[in-house]
Amino acid sequence: MLFPISGVAVDPWIPPLVAFVISFFTSMGGISGAFLLLPFQMSVLGFTHPSVSSTNQLYNIVAIPSGVYRYWKEGRMVWPLTWAVIWGTLPGVLIGAFVRVTGLRDPRNFKLFAAAVIFYIAGKMVMDLLKKQAAAKSSGSLAASGSQDDTVTITRSDFKRIGYSFQGEQHDVSVTGIMILCFIVGIIGGIYGIGGGAIVAPFLVTFFGLPVYTVAGAALMGTFITSVAGVAFYTAIAPFYPHQSVSPDWLLGVLFGLGGMAGMYLGARCQKFVPAKAIKWMLVVILFGTAAKYILEFFN
Numbered sequence: 334m335l336f337p338i339s340g341v342a343v344d345p346w347i348p349p350l351v352a353f354v355i356s357f358f359t360s361m362g363g364i365s366g367a368f369l370l371l372p373f374q375m376s377v378l379g380f381t382h383p384s385v386s387s388t389n390q391l392y393n394i395v396a397i398p399s400g401v402y403r404y405w406k407e408g409r410m411v412w413p414l415t416w417a418v419i420w421g422t423l424p425g426v427l428i429g430a431f432v433r434v435t436g437l438r439d440p441r442n443f444k445l446f447a448a449a450v451i452f453y454i455a456g457k458m459v460m461d462l463l464k465k466q467a468a469a470k471s472s473g474s475l476a477a478s479g480s481q482d483d484t485v486t487i488t489r490s491d492f493k494r495i496g497y498s499f500q501g502e503q504h505d506v507s508v509t510g511i512m513i514l515c516f517i518v519g520i521i522g523g524i525y526g527i528g529g530g531a532i533v534a535p536f537l538v539t540f541f542g543l544p545v546y547t548v549a550g551a552a553l554m555g556t557f558i559t560s561v562a563g564v565a566f567y568t569a570i571a572p573f574y575p576h577q578s579v580s581p582d583w584l585l586g587v588l589f590g591l592g593g594m595a596g597m598y599l600g601a602r603c604q605k606f607v608p609a610k611a612i613k614w615m616l617v618v619i620l621f622g623t624a625a626k627y628i629l630e631f632f633n
């Protein structure tokens, strides 16, 4: 089947299958999986136009609501944290989308940039895993508890701090700190077409000490909102760049999204029964492998 906007020729069952497998695992950590779909589209499908970023964000729009719904249903959505992530990431994503179109149009340069982003994400995951390894042996903080009290209770929510309790532990973070972080990663996410969630989630766990089981829903919701803005932005500026593909490939993006919708729902449902450490190590291997491949392709 030929997708005319992207120029990709692929059987229609392949995009949703790939998206399902990726999103099932990544959604457990609050990551939509778009950062892994991008290498698949660029290297396997040969989709290297700027519209690959907007297509990736279209995937987020279709796929993410099912995962967010599941986290909300299970009482693990920290809404004050979610809004802080959204308000910080949104302006950054718009800036990143503009940079992607005007300054990173060469596919070779974009692959090198993508490799740097992926290495950065993987490095932060490794740091988190190594720091938590000793503590996990005694407290099991990253292991699935299987307890009945896995809901979030908000204890503070204002313009300065966000506080909540989860599984008997109290967590308190700075709203300003989260928004600054999200603004920076939003720029990167806008360029890369991932909405920023793939970077925000590991940072919230590593630097703010928040449990992965409560970060996931907020990171996914933030990615959803910023992806809506990203797709709207790419679509709006497309007429100003008539000689290149900027708007998303709607059919391809929806096919990816349908697979991601099923994968995210099941991933969110299974999250509390799967050790976060095992999922993160798997992602680290995939990330380092993908980044290394992009760097080799850039210099060859």
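Position one of the sequence shown corresponds to residue 334 (my numbering), numbered consecutively onward.
Glycine included, each C-beta is placed from N, C-alpha and C at the ideal position.
- In this structure, Met458 lies away from Lys610, with their beta-carbon atoms at least 7 angstroms apart.
- In the structure shown, Tyr402 falls within a helical segment according to DSSP collapsed to helix, strand and coil.
- At a Cβ-Cβ threshold of 7 angstroms, Val518 and Ile495 do not count as neighbours.
- In the structure shown, Ser365 falls within a coil segment according to DSSP collapsed to helix, strand and coil.
- Apart from sequence neighbours up to five positions away, the residues of its chain that approach Ile511 with a beta-carbon distance below 8 angstroms are Leu414, Ala417, Val418, Gly421, Ile495, Leu537 and Phe541, ordered along the chain.
- Gln500 sits in coil when the DSSP states are folded into three classes, being neither helix nor strand.
- For Thr559, the closest of Ser386, Ala352 and Pro535 by C-alpha to C-alpha distance is Ser386.
- When secondary structure is reduced to three states using DSSP, Asp505 falls in the strand class.
- Under the DSSP definition of a beta bridge, Val341 partners with Phe336.
- By the criterion of a C-beta distance shorter than 6 angstroms, Ser360 is surrounded in its chain by Gly400, Met597, Gly600 and Ala601, once the five residues flanking it on both sides are discounted.
- For the 7 angstroms CB-CB criterion, Leu553 and Gly363 form a contact.
- Residue state for Arg489 is assigned as strand, using DSSP reduced to three classes.
- Thr509 and Gly590 have their C-alpha atoms roughly 32 angstroms apart.
- The beta carbons of Ser356 and Thr556 sit no closer together than 7 angstroms.
- Judged by DSSP secondary structure, Leu553 falls within the alpha helix (DSSP H) whose first and last residues are Val545 to Ile570.
- With distances taken between CA atoms, Ser339 lies nearest to Ser580 out of Tyr402, Ser580 and Ser498.
- In the structure shown, Arg602 falls within a helical segment according to DSSP collapsed to helix, strand and coil.
- Residues Leu335 of the same chain have their beta carbon placed closer than 6 angstroms to that of Ala342, with the five preceding and five following residues left out of the count.
- Judged by pairs of C-beta atoms under 8 angstroms, the region 569-584 does not touch the region 449-464, as fewer than three such pairs exist.
- Between Phe516 and Leu427, the C-beta gap is not smaller than 7 angstroms, which leaves the two residues out of contact.
- Sequence-distant partners of Pro383 (beyond 5 residues in either direction) whose C-beta falls short of 7 angstroms from its own C-beta, in its chain, are Arg433, Val434, Arg438, Gln577, Ser578 and Val579.
- The three-state secondary structure of Arg494, taken from DSSP, is strand.
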